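Per numbering that gives the first Met the number 0, the very first residue in the sequence shown carries number 0; after that it's consecutive.
Before any comments, here is the structure.
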Amino acid sequence: MQKLLTEKSNNEQALIPRKYLEEQNKKQRENAWKNCVIRFKLFGKYIIQALFLSIEPVSNIFDFLIEHLFIGEFQLKYLMKKLENNQINLLNSNIAPKACIVIHPINNLINFNSLDELLKNTKNIKNISEEEAELISNQWLSNNSIYQPQNYLIEENNLIKNIQEEDSQLDKDIIKRKKARENAPCLPKWFKKK
Numbered sequence: 000m001q002k003l004l005t006e007k008s009n010n011e012q013a014l015i016p017r018k019y020l021e022e023q024n025k026k027q028r029e030n031a032w033k034n035c036v037i038r039f040k041l042f043g044k045y046i047i048q049a050l051f052l053s054i055e056p057v058s059n060i061f062d063f064l065i066e067h068l069f070i071g072e073f074q075l076k077y078l079m080k081k082l083e084n085n086q087i088n089l090l091n092s093n094i095a096p097k098a099c100i101v102i103h104p105i106n107n108l109i110n111f112n113s114l115d116e117l118l119k120n121t122k123n124i125k126n127i128s129e130e131e132a133e134l135i136s137n138q139w140l141s142n143n144s145i146y147q148p149q150n151y152l153i154e155e156n157n158l159i160k161n162i163q164e165e166d167s168q169l170d171k172d173i174i175k176r177k178k179a180r181e182n183a184p185c186l187p188k189w190f191k192k193k
């Protein structure tokens, strides 16, 4: 029994602190997802695609929209939640590597016709087909690699298998000891219980 426990303790890995694991996963994610593609939906009619680095802060999204789209005051919604203008990077905001953000103008002073004119006159925004936009997106994201988080948890199937093996080993040890007791020589009379 002691031998089995010693072997088990020698074979098991040491516990890893959660903070260390999170740091390793964060580094891996930063190395894997370097580039980010964001598509902005406006009025359900327009989709504007922009390319960012994943380490850029969320505030750069707001700066980009203010600089290139003169739509006045607006809100951004990502996954039905309001996106705040802050310094958290796109990766930690779970926006990278690819996201679709909805633009909600607060003061509806813009109509579709004036926006069409605005987009035509903007130098940095081109009107292209969906296929071209997808090609540009794929090229930008091709620098990214696959992110696989570190997982030091034992899979349930392996855990059950290991437990069953240990139980069968313990059962064998118990049977051996029982046979050893049965085959042991009789105790002297002075040692027997009265």
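Beta carbons: idealized from backbone N, C-alpha and C, even for Gly.
Predicted model only: the values in this text are computed from it and were never measured.
Taking the straight line between their C-alpha atoms, what separation do you get for residue i and residue j?
{"i": "serine 144", "j": "leucine 4", "result": "42 Å"}
{"i": "isoleucine 65", "j": "glycine 71", "result": "8 Å"}
{"i": "glutamine 168", "j": "lysine 2", "result": "11 Å"}
{"i": "isoleucine 37", "j": "tyrosine 146", "result": "19 Å"}
{"i": "asparagine 84", "j": "phenylalanine 63", "result": "12 Å"}
{"i": "serine 92", "j": "lysine 175", "result": "59 Å"}
{"i": "phenylalanine 61", "j": "alanine 31", "result": "25 Å"}
{"i": "lysine 76", "j": "isoleucine 46", "result": "14 Å"}
{"i": "threonine 121", "j": "asparagine 59", "result": "19 Å"}
{"i": "alanine 132", "j": "asparagine 126", "result": "9 Å"}
{"i": "serine 128", "j": "leucine 82", "result": "28 Å"}
{"i": "lysine 18", "j": "lysine 7", "result": "26 Å"}
{"i": "aspartate 172", "j": "glutamate 181", "result": "14 Å"}
{"i": "leucine 50", "j": "proline 16", "result": "36 Å"}
{"i": "aspartate 170", "j": "leucine 78", "result": "54 Å"}
Residues in the same chain with beta-carbon distance under 8 Å from residue i, minus the five sequence neighbours each way, listed in chain order, please.
{"i": "glutamate 29", "result": "Ser53, Ile54 and Leu90"}
{"i": "glutamate 22", "result": "none"}
{"i": "lysine 178", "result": "none"}
Would a C-beta distance cut-off of 9 Å place residue i and residue j closer than the cut-off?
{"i": "lysine 44", "j": "cysteine 99", "result": "no"}
{"i": "phenylalanine 73", "j": "isoleucine 105", "result": "yes"}
{"i": "cysteine 35", "j": "lysine 97", "result": "yes"}
{"i": "isoleucine 124", "j": "histidine 67", "result": "yes"}
{"i": "glutamine 149", "j": "leucine 20", "result": "yes"}
Leaving out five residues before and five after residue i in sequence, what residues of the same chain have Cβ atoms less than 7 Å from its Cβ?
{"i": "isoleucine 87", "result": "Pro56 and Val57"}
{"i": "tryptophan 189", "result": "none"}
Could you check whether the Cβ of residue i sits closer than 8 Å to any heavy atom belonging to the ligand COA?
{"i": "lysine 97", "result": "The model on display carries no ligand, and the ligand COA is accordingly not part of it."}
Note down, in chain order, each residue of its chain lying with its Cβ closer than 6 Å to the Cβ of residue i, except the 5 sequence neighbours on either side.
{"i": "glutamine 48", "result": "Arg38 and Ala132"}
{"i": "asparagine 142", "result": "Lys33 and Asn34"}
{"i": "phenylalanine 42", "result": "none"}
Indicate whether the contact test is met: 3 or more Cβ pairs, each with one atom in the segment 128-138 and one in the segment 12-26, closer than 8 Å.
-> With the cut-off at 8 Å, the segment 128-138 and the segment 12-26 do not touch.
Start-end ranges of the beta strand (DSSP E) lying completely within the segment 73-111, minimum 3 residues | Complete beta strand (DSSP E) runs here, min 3: 73-77, 80-82 and 97-104.
Go through the segment 25-60 residue by residue and report every complete run of the beta strand (DSSP E) that reaches 3 residues or more, in order.
-> Whole beta strand (DSSP E) segments, 3+ residues: 34-41 and 45-52.
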